[in-house]
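Heads up: the sequence shown runs through residues 2 to 335, numbered per my numbering. Note that CB positions come from ideal geometry on N, CA and C, so glycine has one too. See structure below.
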Amino acid sequence: MNLLKIYPKGTSILLVGPYPPPLGGVSVHIKRVKHLLRNYGFCVDVFNTAQGQMFKGQNIIRLAVKILFDDFKIVHVHGYPYRLLKIMEFLKKIKKFRLYITDHNTRLFEERKYDAEKTSFYKRIIKSLDHLIVVGPNILEEYKRYGVTLPDNTLTQPSFVPPDLNEEKDILKSYPRELFEFIGKHNLIITANAFEIVFCDRIDLYGLDMCIELTSRLKREFSNIGFLFTLANENKHVEYLDSMKKLIVKLGIKDNFYFLTGQKEIWPLFRKVNLMIRPTYSEGNSVSVAEALYFGCPVVASNVGDRLDGTILFKSRNLDDLMRKVMPILRESL
Numbered sequence: 002m003n004l005l006k007i008y009p010k011g012t013s014i015l016l017v018g019p020y021p022p023p024l025g026g027v028s029v030h031i032k033r034v035k036h037l038l039r040n041y042g043f044c045v046d047v048f049n050t051a052q053g054q055m056f057k058g059q060n061i062i063r064l065a066v067k068i069l070f071d072d073f074k075i076v077h078v079h080g081y082p083y084r085l086l087k088i089m090e091f092l093k094k095i096k097k098f099r100l101y102i103t104d105h106n107t108r109l110f111e112e113r114k115y116d117a118e119k120t121s122f123y124k125r126i127i128k129s130l131d132h133l134i135v136v137g138p139n140i141l142e143e144y145k146r147y148g149v150t151l152p153d154n155t156l157t158q159p160s161f162v163p164p165d166l167n168e169e170k171d172i173l174k175s176y177p178r179e180l181f182e183f184i185g186k187h188n189l190i191i192t193a194n195a196f197e198i199v200f201c202d203r204i205d206l207y208g209l210d211m212c213i214e215l216t217s218r219l220k221r222e223f224s225n226i227g228f229l230f231t232l233a234n235e236n237k238h239v240e241y242l243d244s245m246k247k248l249i250v251k252l253g254i255k256d257n258f259y260f261l262t263g264q265k266e267i268w269p270l271f272r273k274v275n276l277m278i279r280p281t282y283s284e285g286n287s288v289s290v291a292e293a294l295y296f297g298c299p300v301v302a303s304n305v306g307d308r309l310d311g312t313i314l315f316k317s318r319n320l321d322d323l324m325r326k327v328m329p330i331l332r333e334s335l
């Protein structure tokens with residue numbers, strides 16, 4: 002794995018980023034990277050920046066103290082938390098360590114395009130990095146668009162790290178009985194997932210709305226179709242989520258649509274369903290797409306970002322094209 006090559010053998014490493022719980026693409030990635038590195042003999046620790054834990058003054062100070070007084074040769078930050086990286090920039094002046102950053106999506110400068118001060122800071126910090134890792138070449142294209150000077154050591158590396166199959170039994174035990182009943186009642190199952198409801202340009206980022214409309218259309222030909230939507234955090238944009246649940250009832254697909262909510266790893270589901278769809282409006286590199294393909298589950302995904310080989314693409318936000326790509330897979334699965 003190319004990721005291993007960026008760490009000198011035997012190096013002590015501090016991974017900085019979200020760590021489960023909650024479960025999400027980045028937090029699961031960090032968890033798996035930690036175990037991978039330890040299996041190869043590295044000394045690895047994690048500083049958890051999960052929402053609600055990180056952005057308090059005392060935690061920033063706690064991180065600074067950890068870096069100053071522990072002997073980490075590499076500090077590897079996932080994402081671009083502004084206050085944290087300001088501290089990193091200062092600490093590098095008084096303590097010798099190598100600073101790595103992994104960028105997991107294309108939204109860094111888009112989200113800050115009206116903030117000249119932060120944009121200037123991020124350009125400066127990226128240029129000064131000892132190593133930059135991006136999960137897809139589309140991220141580098143965005144950097145180029147915003148005039149970013151890349152560091153000498155830049156690596157494009159998909160974020161997927163295979164899961165530990167020994168955990169499958171315990172993960173399956175964490176699922177509710179109703180989920181297995183739902184799967185048992187339907188001869189075709191499609192799945193999609195989201196960490197939480199997010200809007201990008203006022204559009205449902207993970208495409209729950211498209212999943213619902215797709216199920217309604219598919220039911221006309223596949224009366225026993227089932228759609229399983231996994232949502233780790235159901236407490237964000239609750240009004241929108243409620244409106245989607247009302248739409249499910251209105252369209253007459255209440256018995257065909259199931260929400261699996263809460264903090265659960267979902268990769269065992271790819272061994273039980275017929276198809277995964279990824280109707281995202283914007284994307285960096287999807288861990289769940291990589292997991293589905295790894296377990297031999299067909300994937301139909303929007304044509305945004307950099308998709309892995311084997312992914313079937315449809316035009317983003319185009320329900321007709323999504324239908325065209327999904328139908329042959331379902332017919333073949335019967």
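- Judged by pairs of C-beta atoms under 8 Å, the region 147 to 162 does not touch the region 178 to 196, as fewer than three such pairs exist.
- Within its own chain, the residues whose Cβ lies closer than 6 Å to the Cβ of N3, once the five positions on either side in sequence are excluded, are Q158, listed in chain order.
- Runs of the beta strand (DSSP E) lying entirely within the region 207 to 234 and spanning at least 3 residues, in chain order: 226 to 234.
- Along the region 135 to 207, the alpha helix (DSSP H) occurs as fully enclosed runs of 4 or more residues at 138 to 146, 169 to 174, 178 to 186, listed in sequence order.
- Membership of V34 in any beta strand (DSSP E) is not indicated; the residue belongs instead to the alpha helix (DSSP H) covering 26 to 40.
- With respect to the 8 Å criterion, A65 and P19 are not classified as neighbours on the basis of their beta carbons.
- A buried status is given to V17, since no fewer than 16 other beta-carbon atoms sit within 10 Å of its beta-carbon.
- Taking 8 Å as the cut-off, the Cβ atoms of N319 and G137 do not count as close.
- With a contact defined as Cβ atoms closer than 8 Å, L331 and T281 miss out at about 21 Å.
- Scanning its chain for C-beta atoms nearer than 6 Å, with the 5 sequence neighbours on each side dropped, one finds around C298 the residues F271, M277, in chain order.
- Closest option to E111, judged by alpha-carbon separation, among Y144, L100, H132: Y144.
- By alpha-carbon distance to A302, the top candidate from D46, G42, N106, I313 is I313.
- For the 8 Å CB-CB criterion, M245 and L323 do not form a contact.
- A distance below 7 Å between beta-carbons, with the five flanking residues on each side excluded, links S13 to the following residues of its chain, in chain order: C44, D72, F73, K74.
- Per DSSP, the beta bridge partners of V301 are I278, I313.
- Contact annotation: L166 and L151 have beta-carbon atoms that are not nearer than 8 Å.
- Spanning the alpha carbons of R221 and S283 requires a straight line of approximately 29 Å.
- Here the alpha carbon of N225 sits roughly 27 Å from the alpha carbon of I172.
- Put simply, the backbone Cα of K93 is about 25 Å away from that of N106.
- C-alpha of W268 to C-alpha of R39: approximately 22 Å in a straight line.
- In this chain, S13 is not harboured by any alpha helix (DSSP H); it is covered by the beta strand (DSSP E) spanning 13 to 18.
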